[in-house]
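Right, one structure below, let's go through it.
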C-alpha cells in the first residue's frame with residue numbers, strides 16, 4: 107500500500123484521540139463479515155485502511171472528521187464490523203472510524219432509549235431490562251456483538267421483525283444525530299421523513315453520533331423447535347403462526363432438512379435429519395397457546411422447547427436466534443465451506459407457493475431458509491437460502507431465476523448500496539450526501555449514484571469502484 | 107311476574123352471600139345496554155330477574171350455583187352490564203349473578219396478570235401500570251366501567267385490536283377457571299384450544315371465576331385527530347397507517363362527516379363539520395413518526411393532538427377511545443335518539459373499496475364509522491356505522507344489502523349467540539354446555555343450538571325464545 111494520505115499529519119491533529127496504525131491491528135479492524143460471500147471475498151480480501159481512529163464522544167468524532175476533511179482522508183465508519191456486505195470495508199484506505207468505544211446508553215424511558223452509536227445490542231438490552239423490563243425491538247443474529255449504530259447504518263431487520271417489521275418502517279427509529287463531513291462538521295438532528303436520509307446508507311453521508319430508538323416489552327422468551335415431514339407443511343404452519351396477532355412472538359424461521367441436523371451441531375440431538383424445522387421465539391406465557399395452535403397442524407412434532415429442558419440438556423445450547431438469520435449461514439459455512447447464501451423476498455400473498463416452486467426447481471443446490479416478518483402490514487417471509495457455491499456465474503444465474511420467478515433478490519454479493527438493495531438511485535440519500543459530505547470522503551465506493559451518476563443498473567455487470575481496482579490486489 | 111321459582115328457599119340456602127330482591131334494584135341489575143338496538147329494546151325492555159345474588163369469591167359462586175341447581179332456578183351472569191346484545195338479560199327471570207364485587211387482581215407478572223371476573227378494566231390497568239408499567243391489551247370503549255369477565259364472555263375486541271387482533275385470537279386469553287352448573291359444581295381450568303368453549307358464550311355454559319390474561323406495554327398514549335376532505339382519503343390513510351408495523355398504535359378509527367362535529371360535543375371546537383375524521387391513539391414517542399407519515403397523504407390536517415393542548419383546551423375532553431367503538435353510537439344516540447347501528451366486517455383486501463361502495467349506496471341513512479384492526483394477520487376494518495332508524499324491516503334490508511355486497515354483518519339486534527355471530531351452531535360451545543350445564547340453567551335463551559337444535563338460520567326469521575314470549579310483556 108502506497109502512502110496515499112498524510113497519516114502522520116492526521117495523528118498530530120488527533121493527539122487526544124485513540125489511534126492505531128499497527129498493521130496487524132489495522133488489518134483486523136478493516137474487515138467485516140464480507141467473506142460469507144465468495145464474490146466479496148475475492149474482491150475485498152485485500153482491502154485495508156491506513157489507520158484506525160477510535161473516538162469515544164461526539165466531540166471526538168467531530169474533531170476526527172474535521173481533521174480528515176482538512177487532509178482529504180476518507181473515513182469509513184465501523185461499529186463492531188459484524189455486517190456482511192463489505193459495508194465497513196475501507197475501499198479507499200484512509201481512516202476506519204471505530205465507534206465501538208463510543209457506546210453508552212444515555213437515557214431510558216417508557217418505550218424508548220437514547221444511546222451512543224457503538225453500544226452493543228445485548229448491552230443495551232441488559233440496561234433497559236434492568237431499568238424497566240424493556241428491550242430493543244429489532245436485532246440481527248449478531249446480537250451479542252453488533253452495535254446499534256452499525257445496525258441502523260447497514261441492517262434492515264431481524265429478530266423482532268415478525269412483530270415490528272423492519273428498520274425502514276416508520277417508528278422503528280425515533281431520531282438520530284448525525285455528524286457531517288465538512289471543514290467544520292455540523293450535527294444534524296433527524297426524525298420522521300429525514301431518517302431515510304441516513305438509515306441503511308452505510309455511513310456514506312454522515313456519521314451517526316446518537317440514536318433514539320423504541321423499546322418493546324422484555325419477556326422471558328422461550329425457544330421452541332417444531333419438526334415437519336414436508337417443507338411445504340412447515341412453511342404453511344409458520345405463515346399461519348405469524349398471522350396469529352395475539353401470540354407474542356419474537357422470531358419465526360424455517361430451515362429445511364437436512365440443514366438443521368447437519369449444521370446446528372449443538373442442537374443436533376433434538377433434530378432428526380429428515381425434519382424440516384420451524385424455530386420460534388415465543389413469550390413464556392404464550393407457549394401453551396402456540397402449541398395448541400400447532401396441534402391443529404397435522405404432522406407437527408415438538409422437537410425442543412427450552413422451558414422444559416434439564417440443565418444438562420440445555421448446557422451449551424445457543425438461543426435459536428443464533429440458528430437464524432445469517433447465523434444459519436455461518437453455521438453451515440463452518441461445516442461446509444462451499445456454502446454461501448442469498449437474500450430473497452417472497453412477496454405476499456403468494457409466499458408459500460413461491461417458496462415451494464423455487465425450492466422444487468433447485469433441489470439440493472439451494473436449501474430453504476425462511477425468516478417470517480411483518481412487511482407493509484402483512485406477514486410474509488424473507489429467505490436466506492443456503493447455496494452450494496460452484497461459480498459466480500452460477501450464483502448470478504440462481505439469482506436471476508429467483509427474480510424471474512417473482513422473488514426479488516437483495517444481493518449480498520455486492521458491496522454497493524444500490525446493487526445490494528433496490529438497484530436504483532436513492533435520490534434522498536444522494537441529495538443528503540451532497541449536503542453532508544460534499545467532498546465524497548465518507549465510505550467511498552459504496553454509493554454508485556455518487557461515484558458514477560450515469561451507471562446503468564440494467565447492464566447486468568457488477569459495479570467496480572475505481573479505487574478498489576487501483577489497489578491492484580486481487581480485484 | 108308470577109313466582110316461577112322458590113326464591114325464599116334460595117335465600118335461606120345463601121345466607122352468607124349478599125342477595126337483593128328489592129324490585130327497583132333487581133330491575134336495575136337486570137338490564138344491560140341492549141337498548142342501543144330498537145329491536146332489542148322492543149323485545150327485552152320488560153325482562154327482569156327475581157333476585158340478584160352477588161358472590162365475592164369462587165366459593166360463593168359455587169355455593170350459589172349449587173343452590174340454584176337444586177332449586178331449578180336459572181342463573182344469568184353479569185359483570186357490570188355494559189354489553190349491547192342483551193347478553194346479561196335474564197330472559198327466564200331467576201337469578202342475576204352479579205359478579206361485580208368479585209373483582210380483585212390477584213397476581214401480576216411480566217406479560218400477564220390473573221384477576222377475578224368482576225375486575226373493572228380501568229382498575230386492572232391502574233394496578234398493572236403501577237406494578238410494572240404494563241396494561242391490558244384489549245378493551246371496549248366502556249373501559250372505565252366494564253369488567254374483564256363480562257368482556258371475555260361477551261366481547262370480541264376493541265381498543266388494542268389494531269395491534270393484537272381480537273379476543274378470539276390465540277394468545278389474547280391465557281387461561282380461565284370456569285364453574286359448572288351442576289349439583290356439585292366443578293371448577294375447570296381451560297387453556298389453549300379449550301378457551302373457545304367459553305369465550306364469547308355469554309355465560310351460557312359456565313361461570314368464569316378467574317381469568318389469566320396477557321399484558322402489553324403501558325405507554326403514554328396521545329390522541330390525534332386528523333381531518334380529511336373525502337371519506338375515501340380518510341379510509342385509505344387509516345388503512346395505510348394501520349399497516350405501519352413499527353408505529354405503536356392503540357386505536358385507529360374513522361368517522362365520516364358530519365358525525366364528529368354533530369355528535370362529539372366536547373370535541374366540537376376542533377372538528378369542522380365537513381371533516382371526515384381519523385382518530386388515532388399513538389404512543390408519545392411515535393407521534394412525530396406518525397405525523398411525518400401522515401404528511402405524505404394529501405389533504406390531511408391535524409385537527410387535534412392531545413399532547414399539545416393547553417390545560418384549558420384539554421378540560422373535559424374524553425379520551426378519543428370514548429369517541430370510538432360503541433361510544434360513537436352512544437354519543438350519536440344522545441344527540442339523535444333515532445340513531446342505531448350495525449356491526450360490519452369489511453374483509454381484507456378490498457375493505458376500502460367496499461366501504462366506499464356501501465356508503466355511496468346508502469348516503470345519509472348510514473354514516474360511516476370504521477375501526478381498523480388486525481384480523482388473521484392482516485389489517486382490515488370493522489364498521490359500526492350509524493344508521494338512521496326508520497323500521498325494523500328497513501334495518502333488515504340494510505343488513506341484507508351489506509351482506510350481498512360482500513360485507514358480513516354481526517347483527518347487534520339479536521340476543522342469541524348464533525344470530526349475533528356466525529349464524530350457525532358452535533358445536534364446541536354446545537358440547538361444553540351439555541357437559542357443564544346439563545339442565546340448561548345458565549343464561550337460558552341465548553344459545554339457539556341448545557333451545558331449538560333444529561332451528562333453521564336460513565329462515566330469515568328472528569329466533570324467539572319461548573320463555574321470553576311466555577313472559578307476555580311486549581314480546
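Residue numbers (the working numbering), protein chains in the order written: chain P, 107 to 581; chain X, 107 to 581. Note that beta-carbon positions come from the ideal geometry of N, C-alpha and C, so glycine has one too.
What residue ranges within the segment 439 to 518 of chain X form continuous alpha helix (DSSP H) runs of no fewer than 4 residues, ordered along the chain? 457 to 468 and 498 to 511
Consider the Cβ of residue 134 of chain X: report whether some Cβ of chain P lies at a distance smaller than 8 Å. For this step, residue 134 of chain X is matched to residue 28 along the second chain. So no, residue 134 of chain X is outside the interface.
Buried or exposed, going by whether 16 or more other CB atoms sit within 10 Å of the CB of residue 122 of chain P? Start at 1 with the first residue of the first chain, and residue 122 of chain P comes out as number 16. Flag for residue 122 of chain P reads exposed.
Could you check if residue 580 of chain X is buried or exposed, using at least 16 other CB atoms within 10 Å of its CB as the buried criterion? Here residue 580 of chain X is taken as the residue at index 474 of the second chain, counted from 1. Low per-residue confidence applies at residue 580 of chain X: pLDDT is 37, beneath 50, and the placement is therefore not dependable, though the value from the model is reported in the following sentence. Residue 580 of chain X should be labelled exposed.
How far does the alpha helix (DSSP H) with residue 113 of chain P in it reach, from first residue to last? Here residue 113 of chain P corresponds to residue number 7 of the first chain, with the count starting at 1. 113 to 119 is the span of the alpha helix (DSSP H), which, as asked, contains residue 113 of chain P.
When you compare the segment 441 to 451 of chain X with the segment 314 to 332 of chain P, are there three or more beta-carbon pairs, one atom per stretch, that lie closer than 8 Å? no
Reduced DSSP secondary structure (H/G/I, E/B, other) of residue 275 of chain P: For the purposes of this step, residue 275 of chain P is taken as residue 169 along the first chain, with counting starting at 1. Correct three-state label for residue 275 of chain P: coil.
Tell me the rounded alpha-carbon separation between residue 324 of chain P and residue 413 of chain P. Translated into positions along the first chain, residue 324 of chain P becomes position 218. Translated into positions along the first chain, residue 413 of chain P becomes position 307. Roughly 17 Å between the two C-alpha positions.
Going by Cα to Cα distance, which pick from P:212, P:447, P:284 and P:351 is closest to residue 305 of chain P? One-based indexing of the first chain puts residue 305 of chain P at position 199. The residue with the shortest Cα to Cα distance from residue 305 of chain P is P:284.
Along the chain, where does the beta strand (DSSP E) that runs through residue 304 of chain P open and close? Translated into positions along the first chain, residue 304 of chain P becomes position 198. Taken as a continuous stretch (DSSP letters only), residue 304 of chain P belongs to no beta strand (DSSP E), as it is neither H nor E.
With a threshold of 8 Å on Cβ separation, who are the neighbours of residue 265 of chain P within its own chain once the five nearest residues in sequence on each side are excluded? Within the first chain, the letter at position 159 stands for residue 265 of chain P. Taken in chain order, the residues that qualify are 244, 245, 246, 247, 249, 356, 357, 387, 427, 430 and 431.
Contacts of residue 218 of chain P in chain X (Cβ-Cβ under 8 Å): On the first chain, position 112 is the one that residue 218 of chain P refers to. Chain X residues near residue 218 of chain P: 391.
Near residue 241 of chain P, which residues of its chain fall below 8 Å by C-beta distance, leaving aside the five closest residues on each side in sequence? Taking the first chain and counting its residues from 1, the one referred to as residue 241 of chain P is at position 135. So the qualifying residues of the chain are 231, 234, 235, 321, 322, 323 and 324.
Does the separation of the CB atoms of residue 552 of chain X and residue 369 of chain X fall below 8 Å? Counting from 1 along the second chain, the entry for residue 552 of chain X is found at position 446. Counting from 1 along the second chain, the entry for residue 369 of chain X is found at position 263. Not closer than 8 Å, so no.
Leaving out five residues on either side along the sequence, give the residues of the same chain with a beta carbon under 6 Å from the beta carbon of residue 563 of chain P. As a working note, residue 563 of chain P is residue 457 in the first chain. Within the same chain, residue 563 of chain P has close Cβ partners 529.
Does the distance from the CB of residue 493 of chain X to the CB of residue 521 of chain X come in under 8 Å? By 1-based counting over the second chain, the position of residue 493 of chain X is 387. By 1-based counting over the second chain, the position of residue 521 of chain X is 415. Contact: no.
Using beta carbons (cut-off 8 Å, strictly below), is residue 579 of chain P in contact with chain X? In the first chain, the residue the question calls residue 579 of chain P occupies position 473. Note that residue 579 of chain P scores a pLDDT of 42, beneath 50, so its modelled location is shaky; the value from the coordinates is reported in the next line. For residue 579 of chain P, the answer is no, since every Cβ of chain X falls outside 8 Å of its Cβ.
Considering only the alpha carbon of each residue, which of P:329, P:541, P:451 and P:383 lies closest to residue 287 of chain P? Against the first chain, residue 287 of chain P aligns to sequence position 181. Checked all of P:329, P:541, P:451 and P:383; the closest Cα to residue 287 of chain P is P:541.
DSSP beta-bridge partners for residue 322 of chain X? Taking the first residue of the second chain as 1, we reach residue 322 of chain X at position 216. DSSP, once it has assigned bridges, lists X:241 as partnering residue 322 of chain X.
Which residues does DSSP pair with residue 221 of chain X in a beta bridge? For the purposes of this step, residue 221 of chain X is taken as the residue at position 115 of the second chain. Residue 221 of chain X pairs with X:211 and X:317.
Bridge partners for residue 183 of chain P per DSSP, in chain order? Residue numbering aside, residue 183 of chain P sits at position 77 when the first chain is read from its first letter. Its beta-bridge partners are P:203.
Evaluate residue 396 of chain P with the Cβ neighbour count: other Cβ atoms within 10 Å of its Cβ, from every protein chain shown; 16 or more gives buried, anything less gives exposed. The sequence position of residue 396 of chain P within the first chain is 290, counting from 1. Buried, by the Cβ-count rule.
Residues bridged to residue 251 of chain X (per DSSP): Position 145 of the second chain, counting from 1, holds the residue named residue 251 of chain X. Residue 251 of chain X pairs with nothing; no bridge assigned.
In three-state DSSP terms, what is residue 356 of chain X? Working through the second chain from its first residue, we reach residue 356 of chain X at position 250. Here residue 356 of chain X sits in strand by DSSP.
Could you pull out every residue in the same chain whose Cβ sits closer than 6 Å to the Cβ of residue 226 of chain X, ignoring the five residues on either side in sequence? Here residue 226 of chain X corresponds to residue number 120 of the second chain, with the count starting at 1. Excluding residues within five positions, the ones whose Cβ falls inside 6 Å are 253.
Are the CB atoms of residue 206 of chain P and residue 186 of chain P nearer to each other than 8 Å? The residue given as residue 206 of chain P occupies position 100 in the first chain. The residue given as residue 186 of chain P occupies position 80 in the first chain. Cβ atoms of residue 206 of chain P and residue 186 of chain P: closer than 8 Å.
So, for residue 291 of chain X: in the same chain, excluding its five sequence neighbours on each side, which residues have a beta-carbon less than 6 Å away from its beta-carbon? By 1-based counting over the second chain, the position of residue 291 of chain X is 185. So the qualifying residues of the chain are 168, 171, 172 and 285.
Given that residue 238 of chain X touches chain P, what residues does it touch there, using C-beta distances under 9 Å? Taking the first residue of the second chain as 1, we reach residue 238 of chain X at position 132. Those are 238 and 239, listed as they occur along chain P.
Given 8 Å as the limit, is there contact between the segment 453 to 462 of chain X and the segment 484 to 493 of chain X, that is, 3 or more CB pairs closer than that? yes
Beta-carbon spacing of residue 438 of chain P, residue 365 of chain P below 8 Å: Within the first chain, the letter at position 332 stands for residue 438 of chain P. Within the first chain, the letter at position 259 stands for residue 365 of chain P. Contact flag set, yes.
Would you say residue 549 of chain X faces chain P, with C-beta separation under 8 Å as the test? Along the second chain, read from residue 1 onward, the residue named residue 549 of chain X stands at position 443. No, residue 549 of chain X lies away from the interface with chain P (no Cβ there is under 8 Å from its Cβ).
For residue 298 of chain X, the three-state DSSP class (helix, strand or coil): Within the second chain, the letter at position 192 stands for residue 298 of chain X. Three-state result, residue 298 of chain X: helix.
Please check if any C-beta of chain P sits within less than 8 Å of the C-beta of residue 107 of chain X. Taking the second chain and counting its residues from 1, the one referred to as residue 107 of chain X is at position 1. Because residue 107 of chain X sits at a pLDDT of 45, beneath the cut-off of 50, its placement in the model cannot be relied upon, and the point is left open.
Roughly how far, in whole angstroms, is the beta-carbon of residue 179 of chain P from the beta-carbon of residue 200 of chain P, given that I think they are within contact range, below 8 Å? Translated into positions along the first chain, residue 179 of chain P becomes position 73. Translated into positions along the first chain, residue 200 of chain P becomes position 94. Rounded, the Cβ-Cβ distance is 5 Å, consistent with contact.
Residue 126 of chain X - partner residues in DSSP beta bridges: As a first step, residue 126 of chain X must be located in the second chain, where it is residue number 20. Per DSSP, X:158.
CB-CB under 7 Å to residue 546 of chain P, same chain, minus the five flanking residues each way: which ones, in chain order? Here residue 546 of chain P refers to the residue found at position 440 of the first chain. Here the set comprises 556.
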